[in-house]
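Here's the structure, in structure tokens; my notes come after.
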Amino acid sequence: MEGAAEKVSQLNPNAREWNPSVDSPEENRCLYITFSNGFPLTAYQIYWFFHRFITFGFACTPLYFVWEKVIGMHDTKSMCLRALVRLPVVIPIWFLAIIFPFFGPINSAVGALLVSFTVYIIPALAHMLTYRKASARLNAAEKPPAFLPSWTAMYIVNIFVVGWVLVVGFGFGGWASMTNFVRQVDTFGLFARCYQCKPPTPPKH
Numbered sequence: 001m002e003g004a005a006e007k008v009s010q011l012n013p014n015a016r017e018w019n020p021s022v023d024s025p026e027e028n029r030c031l032y033i034t035f036s037n038g039f040p041l042t043a044y045q046i047y048w049f050f051h052r053f054i055t056f057g058f059a060c061t062p063l064y065f066v067w068e069k070v071i072g073m074h075d076t077k078s079m080c081l082r083a084l085v086r087l088p089v090v091i092p093i094w095f096l097a098i099i100f101p102f103f104g105p106i107n108s109a110v111g112a113l114l115v116s117f118t119v120y121i122i123p124a125l126a127h128m129l130t131y132r133k134a135s136a137r138l139n140a141a142e143k144p145p146a147f148l149p150s151w152t153a154m155y156i157v158n159i160f161v162v163g164w165v166l167v168v169g170f171g172f173g174g175w176a177s178m179t180n181f182v183r184q185v186d187t188f189g190l191f192a193r194c195y196q197c198k199p200p201t202p203p204k205h
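In the UniProt record's numbering, the protein residues as written are 1 to 205.
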């Protein structure tokens, strides 16, 4: 699965290398512009669409499985029925993507507000809580690494990681990403027909 995801994620940048003349923001981000010049499509446009279509499925598959298990449809053999029950997951995502057609600021906000906790803060806190008792540290399957002389040093490192990521990653990073997100909304608005397209030329008088 990881190899397939890697190959699919390489399609879009590779296609841009094959067609370097396509570098304007509207060509890069607007599906309308991509298909507005008619057919046949270029290799870049085909790979661009294929990349978005497949990676959307990769990203949403865990949500599909969770939703199917919640409503008791995960063991259903009918693929058509499973596709139908996945619509309540797809439609809200599709709707939000139309409202906020800028992935970069959203990705930054997710990284600062969510990934900071799931990757750094929660694991470090869980490690400290798990080995807070002497008996747990004595029977630990994995001891502190050689460059940390004691469990006290390990706790100091964990506390530093939690504090640093909480202040810099979640605090400053969250503030910066949300400020950028609000600026994007103010600049381009909601339901933008074409995100970051060139403004129309004013009429000559």
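Just so you know, even glycine gets a beta-carbon here, dropped at the ideal spot from N, CA and C.
Option nearest residue i by Cα separation, candidates the options
i    : options                 : result
L189 : V110, F95, L63 and I99  : A quick correction: the sequence has Gly, not Leu, at residue 189. Checked all of V110, F95, L63 and I99; the closest Cα to G189 is I99.
L166 : I54, P88 and A124       : A124
M178 : F103, L138 and Y47      : F103
F191 : W67, W94, P149 and S135 : W94
G57  : L87, M73, V70 and K69   : L87
Limits of the unbroken alpha helix (DSSP H) element including residue i
i    : result
A141 : No alpha helix (DSSP H) contains A141, which DSSP labels as neither H nor E.
M178 : G173 to F188
M128 : I122 to T130
S108 : F103 to V110
I93  : L87 to I99
M154 : W151 to W164
G57  : A43 to V70
Beta-carbon proximity check, residue i vs residue j, cutoff 8 Å
i           : j    : result
P145        : W151 : no
residue 216 : P105 : With the chain covering only 1 through 205, there is no way to say anything about residue 216.
V89         : L63  : yes
N158        : S108 : no
R82         : E68  : yes
Through-space distance from residue j to residue i, alpha-carbon basis
i    : j    : result
Y155 : V119 : 17 Å
F147 : A59  : 38 Å
D75  : D186 : 45 Å
C80  : F50  : 22 Å
P149 : S135 : 18 Å
G72  : S78  : 13 Å
A140 : I121 : 21 Å
R137 : A153 : 13 Å
W175 : V182 : 11 Å
I54  : R132 : 45 Å
P101 : E142 : 45 Å
W48  : T61  : 20 Å
Quiz item: Counting Cβ pairs, one atom from each stretch, are 3 or more of them under 8 Å apart for the region 154 to 162 and the region 122 to 133?
Solution: yes
Quiz item: Is the region 169 to 189 touching the region 108 to 121 in the sense that three or more CB pairs, one from each, lie closer than 8 Å?
Solution: In short, these stretches touch, since the Cβ pair count reaches three.
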